[in-house]
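A quick write-up on the structure given underneath.
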Amino acid sequence: MPEGRKSTEKTSKKSGGNLLGKLTPFLIVISIVLAFLVGVLWQKVSYLSSGTSATKGTTTTGTTQGSAPSEGKLSEDQTKKIPGLTDKDHVRGSRDAKVFLIEYSDFECPFCKRFHPTLLQLLEEYGDQLALVYRHFPLDQLHPKADKEAEASECVRELGGEEAFWKFVDKIFEVTPSNNGLDHTQLPTYASEAGVDSGAFKSCLDSGKYADYVEADFQGGGNAGITGTPGNFVLNQKGEAWMVVGAQPYENVKAVIDEALKS
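Under numbering that gives the first Met the number 0, the sequence shown has 0 at position 1, and the numbering climbs by one with no breaks.
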C-alpha cells in the first residue's frame, strides 16, 4: 500500500512537471503580449496628456527634438524657416492685419477640435488686428483619414472660394468625433452645406489633385519646427514670431498676441 502511494505521488509529480513544461512557452508568449499591451496603453496615455506628436508615415517633420524651436519668441533664424504668406494660403480676416496666427492643424486631432472655438473667439475679440491662417498638418500615422479630409477642404475652396472653405472647416470641427472617427460618406453633404455642388466636389476629391498641396503644407510646417497639432506661429508686421504649442487656453494665446501687438 505505501509503495502504491509513493508510485502515485511520483506519477503525479511527473505529470505536473510535464504539464508545467508544456505550459511554459504559452506563459512566456502571454507575458510578452501583456507587456506589449501595457506599452501601447502607456503610449496612448502619454499622447492624450501631451498632445498629438508629428510623424507622417516614414517622413519626419525634418527637425529633431533638440533643434526644434521652443515655445515663445523665436530667433531671427527660426523665424525665417516659417513659410511666408502666399495667395494660396487660407486667411480668415484681413490680409492687412497687424498680427497673423498661423495654425498647422489636423481635422482628426481632438486637440485641434478643442482649440478651434478658441481661435474663433480670438478673431472676434481682435477684429481687423488679427487674422488666422490655416495650414494642413495631417498626422496620417495616427489619423489615416486626415489627409483626405484636408484634400476635401481644398476641393471646397476650389469650387466655392474662401468663404465656403471656412464654412467647411467649421463644420468638420463641429461634427468630427476626432481620432479618425469622421464618416467620409458625409463629406459631400458637408461640402453641399458649405455651398458647393456635391457631384463636382466628389469628382475633385476622387481625383486626388490636392494631395501634393497638403503634403507641401505638412513639410513646410515640419521644416519650421512644428512637431505636433495644433502647432501655431504668431507673427507681427515687424517680422517677429512666437511659437504657441498645442491647444493652449484662451488667456495664454491672448497674452502672446498682445505681446506681438506691442512689440
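Using N, Cα and C, we set each Cβ at its ideal position, and we do this for glycine too.
With residue i as the anchor, note down where its beta strand (DSSP E) starts and where it stops.
i           : result
residue 135 : 129–135
residue 91  : 89–91
residue 255 : Taken as a continuous stretch (DSSP letters only), residue 255 belongs to no beta strand (DSSP E), being part of the alpha helix (DSSP H) at 249–261.
residue 102 : 98–104
Rounded to the nearest angstrom, what separates residue i and residue j at their Cα positions?
i           : j           : result
residue 89  : residue 83  : 12 Å
residue 238 : residue 223 : 15 Å
residue 260 : residue 235 : 7 Å
residue 152 : residue 142 : 16 Å
residue 171 : residue 106 : 7 Å
residue 208 : residue 216 : 14 Å
residue 37  : residue 194 : With a pLDDT of 38 at residue 37, under the threshold of 50, the modelled position of this residue cannot be trusted; read the value that follows with caution. The alpha-carbon atoms of residue 37 and residue 194 are separated by roughly 47 Å.
residue 97  : residue 74  : 20 Å
residue 54  : residue 210 : Because residue 54 carries a pLDDT of 48, less than 50, the predicted location of this residue cannot be relied on, and the following value inherits that uncertainty. Their Cα atoms are separated by approximately 17 Å.
residue 205 : residue 150 : 10 Å
residue 167 : residue 214 : 20 Å
residue 270 : residue 178 : The structure shown does not extend to residue 270, since the chain is modelled only from 0 to 262, so the question has no answer here.
residue 162 : residue 114 : 20 Å
residue 156 : residue 91  : 13 Å
residue 72  : residue 199 : 44 Å
residue 197 : residue 76  : 44 Å
residue 180 : residue 117 : 22 Å
residue 255 : residue 218 : 25 Å
residue 158 : residue 173 : 22 Å
residue 165 : residue 245 : 21 Å
residue 295 : residue 154 : An answer regarding residue 295 cannot be provided, because it is not within the stretch 0 to 262 covered by the chain.
residue 133 : residue 253 : 18 Å
residue 87  : residue 99  : 15 Å
residue 262 : residue 241 : 11 Å
residue 131 : residue 119 : 9 Å
residue 101 : residue 225 : 11 Å
residue 233 : residue 189 : 30 Å
Does the beta-carbon of residue i have 16 or more other beta-carbons within 10 angstroms, so that it is buried, or is it exposed?
i           : result
residue 229 : buried
residue 94  : exposed
residue 123 : exposed
residue 183 : exposed
residue 243 : buried
residue 144 : buried
residue 248 : exposed
residue 231 : buried
residue 264 : Not covered by the structure: residue 264. The range shown for the chain is 0 to 262.
residue 176 : exposed
residue 220 : buried
residue 65  : Because residue 65 carries a pLDDT of 35, less than 50, the predicted location of this residue cannot be relied on, and the following value inherits that uncertainty. It is exposed - the Cβ of residue 65 has fewer than 16 other Cβ atoms within 10 Å.
residue 109 : buried
residue 148 : buried
residue 250 : exposed
residue 104 : buried
residue 112 : buried
residue 227 : buried
residue 127 : exposed
residue 257 : exposed
Going by DSSP, which residues form a beta bridge with residue i?
i           : result
residue 161 : The partner list for residue 161 (beta bridge, DSSP) is empty, contrary to what the question assumes.
residue 71  : 242
residue 206 : DSSP, once it has assigned bridges, lists no residue as partnering residue 206.
residue 234 : 99, 240
Can you check whether the C-beta of residue i is within less than 9 Å of a C-beta belonging to chain C?
i           : result
residue 181 : The structure shown has no chain C; it contains just one protein chain.
Between which two residues does the alpha helix (DSSP H) harbouring residue i extend?
i           : result
residue 124 : 109–125
Practice task
List in chain order: all unbroken alpha helix (DSSP H) runs of 4+ residues lying wholly within the segment 173–218.
Solution key: 186–192, 197–206
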